[in-house]
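Novice: A single structure is presented below for examination.
Residue numbers (the numbering used here): -4 to 283.
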């Protein structure tokens, strides 16, 4: 009993001493530093996998790699070939997420100007900012209605504009949405009569950007598809050879492993170089 009383007294003294120290406040930043992990989380949200975290995606890649490797090993009985297809399968979930994210960003890029125009019209008609955003759930572009409907529900439940904007920003995970939300937040907190002009300028800029990017992507599509086909062709041939036991055994030798390693390195390097040369600049989320 005396030991327990002594421990509690020591704990109380420690808490009193700890409360005397004021933690240093970190400097306020306009946006958090973007890392590969946060970028992957944004891509998952943009792809429609809001409930899936980056860790789950990594686990899916491991499962795909193990399953593909074991299946290839059972068919070809060649460890080196099974390892190659395991690495390809490990990249498949990430490629799927990025493909879906690109499609959604492309779709949103086309509808954001209409959404901004809708908000501008609602503000000019005298609606409050929360109402102007909430009405997009019924009158806005179809691609954005679900997210803004969630915003309207959050605002009806809490009545707090700033936290609802933060939740909307997380759901959209889009740089255009970040700029729009921060402009609306500033207009709500500071006030002013320039919100309509700001929104009209933003709408015009978004339309011009979408038109220019659409033309460039149309010209670039055939080049990207040809490069992907060129990279995939040798591995398709290897997959066909894997069904013939006698022809694939040569890749389990030292020379065969060297050929696979050099071929994989050349394919990966050439593909990455092509994508880097032909890549269009993507806007980063600097206003998280």
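All C-beta atoms, glycine included, are put in the ideal place defined by N, C-alpha and C. Since we're looking at a predicted model, the values are computed, not measured.
1. Under 7 Å, do residue 38 and residue 96 count as touching if we go by C-beta distance?
2. If distances are taken between C-alpha atoms only, which option among 272, 90 and 99 comes closest to residue 41?
3. Fully enclosed by the region 166 to 231, which alpha helix (DSSP H) runs are 4 residues long or longer?
4. Quick one: measure Cβ to Cβ for residue 66 and residue 88, integer angstroms, because I've assumed they're closer than 8 Å.
5. Would you decide whether residue 312 is buried or exposed? Buried here means 16 or more other CB atoms lie within 10 Å of its CB.
6. Give every residue of the same chain whose Cβ lies closer than 6 Å to the Cβ of residue 144, excluding the five residues on either side of it in the sequence, and list them in chain order.
7. For the candidate residues 46, 30, 57 and 107, whose alpha-carbon lies nearest to that of residue 198?
8. Alpha helix (DSSP H) containing residue 34: first to last residue?
9. To the nearest whole angstrom, what separates the beta carbons of residue 147 and residue 129, a pair I think is in contact under 8 Å?
10. Do residue 257 and residue 194 have their CB atoms nearer than 7 Å?
11. For the alpha helix (DSSP H) holding residue 122, just list the boundary residues, first then last.
12. In terms of alpha-carbon separation, which member of 179, 153 and 154 lies closest to residue 164?
13. Can you tell me whether DSSP reads residue 47 as helix, strand or coil?
14. Pull up the distance between the alpha-carbon of residue 274 and that of residue 267, whole angstroms please.
15. Anyone know if the C-beta pair for residue 252 and residue 51 falls short of 7 Å?
Specialist: Taking the definition as stated:
1. yes
2. 99
3. 170 to 185
4. Going by Cβ atoms, the distance from residue 66 to residue 88 rounds to 16 Å, so no, they are not a contact pair.
5. Outside the displayed span of the chain (-4 to 283) sits residue 312, for which this structure offers no information.
6. 132
7. 107
8. In this chain, the alpha helix (DSSP H) harbouring residue 34 covers 31 to 41.
9. Separation of the CB atoms of residue 147 and residue 129 is rounded to 4 Å, and the pair is thereby assigned contact status at 8 Å.
10. no
11. Premise fails: residue 122 is in no alpha helix (DSSP H) and is neither H nor E.
12. 179
13. coil
14. 10 Å
15. Contact annotation: residue 252 and residue 51 have beta-carbon atoms that are not nearer than 7 Å.
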